[in-house]
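If you're matching positions, the sequence shown starts at 295 in our numbering and goes up one per residue.
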Amino acid sequence: MKRDYVPRITLHVFEGQWANSRDWVIMYVGEHVACWNCCRRERVMYWQYVPYVLPLLIAAAISAALALFAWRRRPAPGAAPFALLMLAVTEWSLGYALELGSADLPAKVLWAKIQYLGIVTLPVMWLVFALQYTGRERWLTCRNLALWAIVPLITLLLVWTNDIHGLIWRNIRLDTGGSFSVLDLSHGTVFWGHATFSYLLLLLGTFLLLQALIRSPYLYRGQAGALLIGALTPWLGNALYLSGLSPFPHLDLTPFAFTLTGLAISWGLFRFRLLNVVPVARDVIIENMGDAVLVLDAQNRIVDLNPAAQRIIGRTAAEAIGQPAARILSSHSDLIAPCRDVTERHAEITLGEGEAQRTYDLRISPLYGRRGRFAGRVVTLRDITERKRAEEQLCTRERFLECLAEVSQILLGTEALAQALPQVLHCLGETAEVSRVYLFENHLSPGGELLCSQRYEWCAPGVEPQIDNPALQNFPWIASGFARWVEVLGQGGVIAGAIAGFPESERAVLGSQDIRSILVIPLFVSDAWYGFIGFDACDRVREWRPVEVDLLQVAASDIASSIEREQARRREQALAEAAAALTATLDFEQVLDRILEQVGRVVPSDAANIMFIDGDRARIVRWRGYERFGVKEPAAVGVFRIAETPTLRGMLENGEPIIISDTATYPDWVRVSEVWDWLRSYAAAPIVVRGEVVGFLNVDSATPGFFTQVHLAPLCAFADYAAAAIENARLFDSLTQERNRLELLYGLSRTLSESLRLEEVTDRALRQTCAAVGAFKGVLLLLEPGTDRLHLVAASGYEAESVEALDRQIGLRVGRGLAGWVAAERRTALVADVLQDEHWLTVDGLDDWVRSALVVPLLVHDRLVGVLSLYSEHFDAFDEAQRQLVEAAAVPVAIAIQNAQLYHQVARRAREQELLNRISAGLGAALNADTTINCALEGLQELVGADRTYFVTADLEARTWETTHELVAPGIEPDIGLSGTFDDVPVELETLLAGDPFAVSDIASDPRVEATREMYRSL
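Written out as structure tokens, the structure reads:
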């Protein structure tokens, strides 16, 4: 046994003598050696030296490099399966190298099994690569791939379970007869079946590549040749191995041939740009191309046509090939003429009708044989329908864009929109080539129904206009059966098409105008549906193309923008004029009137009112337009508690305006009374002064849905102007009131100081006070000393009646009537509506006209002197400032009246004393009783100012009386000689006989003269 030379190393351990070498046990058997680690109980494997391993490793390295190269180009057809193919080659070559390098049987068998992963993969990947490379990807379905994988998977499973059944290798032994040990295998049934399957796939892929080699140009032929060489070389070696004809027994030459495969494919990569330039089969191109191709022979017979041509002529290839072109193309006359006796031609033709009509680019080219003899023609049809449509759309777009530019120029260049719109419709009508173009505007009926009316129209020559058609004015959408239009147009859609397909209710209206096709585009102004612009085709049924609809919508948008600008300009102009009108006066009352006059110019409405906040309430102080709805006095019910009125409360809290489109459906609407049920739409804005809400500007409409968001901005702007005007007027009014107060006080003090006569003082005080507050009428009542009677001493505005007559008619006392209540309570009464005041007493025919009153007590050191009553025929005519003014004036007036009364008393007493002295002198000089009595009567009449003074004698025994002397004023009929008994005047005589005077202020009401009232009246 030669220990110094070991030609090969095995991994087997054989029985024999052991030699100790530290931790290792080494056994030598002939030229074989094995070792065992006694400490670790591990087997250490050694490789046998085989000179053929190096070529296999080279083949594996080349295949791996090719796999990596192909994987990086996997988007190219065939690159991905080629990468997997080379990877399988790498695995097979590397596994066979390890099999040869292994020294024992189990190891060799293990590596032989591992090789089968590449062996079973390689044929399938070869076929997949060939199919992709030659452009037959349609074969590569999931179903086909699954079927092709069945045999490899079963084979791989049986390889690893061969010890059980022996279907792959019936007998496995180690042949050590040569210079190195190799496997000696007897193949089983499944092995030969897999070999057959593999060769079939190989032959099929090779056939495809041969076909590509024959049909392809030079570059692609070089690629196919390199692939064939690379594929056939290893399979030739495999055939030699399996047939037993190999010069190296039991040595598989297939993996060795992979080295040549790698060289051949590398040559194809760098010489013929394999995987960079991939051939595509010409028949695939022809079959899949979108252009139709017909091949005609010299006798005009169809010899070939692709699927695109079959679809055009409506015949299959089996039906058309071999048939005369004239027969097959009989239904396509436009195609027969160019193909008859024409060698070469280029033209455009149209085939089909209606929606199926298509336009083609026709090219006819001659075919010549090898000797230059004419052999036929190739007819190519390229579908250019979309291109033609695009060209038409481009032309249409250019035409419409020019029109849009002109429309914009007209709308921007013409000052009045009413003048611009007819020109715009004319331009649009001619550009769109329609019969009629018109514009309708939406509006509401008094009942809130949506209507539309035609405003503008253009008609082509010979087309009957409809602008004067009464049916198209105040046209009711819903009632006329156009609810569909309301829904579509209101949402921004368009109505387009032939009216023959429209509902019956629509056809009846449109057909009466000779319309056959129509396009209707909505107009939106300030985001609200304003109306629509319509285009009628009366001469034909027209199809509206999308490009036309889009561009006409742009035109409609321009028109709507112009309408919006026109409305904004009008609102701005109206707002400016309204603001100028408001600032033209500083009179508060005139400002309020002008606010209501001008608000209708900015925000149209049926009625409007102004509310001012008074504490926790809002009160209507001015109104306009309510009379036509039967509301004569809105202020009579125009006091609202803000906390209980959601609309007012919201404006007060957030300072924002409010719009209620329909009060009937608004949940928080406060219903005042049936008289106000006409109000169906409401808008309001707060009046803000110095950051504080002082009132509300309200506009009302009887039309449901009348007010929209469009009205908010102008209403708010106007309310701001109104607030400024009100504030200025109030400032001016406060200055004016202060001036008036000073003027009144100064005037009163000067006037009252000029006279001490009570009649003059009371008359001047009353008239100046009425003038200062604008009272229509007024009275001044004085408290009669010692009684509760309020005696009327002055009246203003009652020119037709005397003061005495008025005093008798009114007949007021303390605590009775409004003046009596003021006298009793000694405080001012400011009554906005006397009809609602519990203390007011109406004197028929005298004060029916009175609506509001200002009654002030006249006090001097808390002593009641009288009452000053001022009246107006207007509701709520007096305000707090006027109350303060009259109260200030009442002080000097009361003092002046008191002074006048004192003066009157002093003067009266002096006159009475003088008169008494004169009477005494006269009585002393009288010579008889008659003269004495007459002198006394004259003095008494002058003293008391009586109309009749008389002397009555009484007979106590007879209980009779008789008028013996009498003095009457001019015009009074004397009653001297009047007599009677004591029973006729019992009360008077009893009082006189008792020594007491008897006085009656009012015979009509004094109960003491109940029995003698008629007698006194007769006098």
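Just so it is clear, CB atoms sit at the ideal spot from N, CA and C, and this is done for glycine as well.
This structure is a prediction, so every number in the text was calculated from the model and none was measured.
DSSP places Pro716 in the uninterrupted alpha helix (DSSP H) bounded by 711–726.
Distances from the alpha-carbon of Leu1009 to those of Thr997, Ser1273, Phe990 put Phe990 closest. Around the beta carbon of Tyr976, 16 or more other beta carbons sit within 10 angstroms, so the residue counts as buried. CA-to-CA, the gap between Val347 and Leu479 works out to about 20 Å. Within the model, the alpha-carbon separation for Arg839 versus Leu599 is close to 35 Å.
Val1116 places its beta carbon less than 7 Å from that of Val1161. In the DSSP annotation of this structure, the continuous segment of the alpha helix (DSSP H) that includes Thr449 starts and ends at 444–454. Using a 10 angstroms sphere on the CB of Val835, the tally of other CB atoms stays under 16, which defines it as exposed. Take the alpha-carbon of Trp1143 and the one of Asp971: they are about 28 Å apart. A Cβ-Cβ contact shorter than 7 Å links Val1073 with Ser1163. DSSP lists Lys1071, Ala1147 as the beta-bridge partner residues of Tyr1165. Judged by DSSP in its simplified three-state form, Leu381 adopts helix. Distance from the CA atom of Gly825 to the CA atom of Leu1006, rounded to whole angstroms, is 21 Å. Shown here, Thr1225 sits in a helix according to DSSP, grouped into three states. A buried status is given to Pro1151, since no fewer than 16 other beta-carbon atoms sit within 10 Å of its beta-carbon.
In the assembly as shown, Arg430 is an exposed residue. Its beta-carbon has fewer than 16 other beta-carbons within 10 Å. In the structure shown, Gln785 falls within a coil segment according to DSSP collapsed to helix, strand and coil.
Taken through DSSP and simplified to helix, strand or coil, Ile1266 comes out as coil. A check of alpha carbon separations from Gln884 across Asn1022, Asp591, Thr644 identifies Asn1022 as the nearest. For Tyr346, there is no enclosing alpha helix (DSSP H), as DSSP marks it with neither H nor E. The beta-carbon separation of Leu705 and Ala714, rounded to 5 Å, stays under the 8 Å limit for a contact.
Around the Cβ of Ile889, a 10 Å sphere holds 16 or more other Cβ atoms; the residue is buried.
Sorting Pro369, Leu452, Arg1033, Gln342 by C-alpha distance to the C-alpha of Lys402 places Gln342 at the top.
With distances taken between CA atoms, Arg864 lies nearest to Ala710 out of Leu942, Ala710, Ala699, Ile606.
Between the C-alpha atoms of Val896 and Leu869 there is a straight-line separation of about 6 Å. For the stretch 766–841, the continuous alpha helix (DSSP H) assignments of 4+ residues that do not extend past its boundaries occur at 777–784, 798–805, in sequence order.
Gln409 carries a helical assignment under DSSP once its states are collapsed to helix, strand and coil. Within the DSSP bridge table, the entry for Asn465 names Ser480 as partners.
Sequence-distant Cβ neighbours of Val1154 in its own chain, meaning closer than 7 Å and more than five residues away, are Ala1188, Ile1189, Gln1192. DSSP places Arg691 inside the alpha helix (DSSP H), whose first and last residues are 679–707. Beta-bridge pairing by DSSP links Arg671 to Leu590, Pro660.
In this structure, Ala726 places its C-beta atom within 7 Å of the C-beta atom of Phe829. Spatial neighbours of Leu378 in its own chain (CB-CB distance under 6 Å, excluding positions within 5 residues in sequence) are listed in chain order as Met419.
Comparing alpha carbon positions, the residue from Gln1207, Glu798, Leu477 closest to Ser396 is Leu477. Contact between the stretch 987–1001 and the stretch 842–857 is absent: fewer than 3 CB-CB pairs across the two stretches fall below 8 Å. 7 Å or more divides the Cβ of Gln717 from the Cβ of Phe734.
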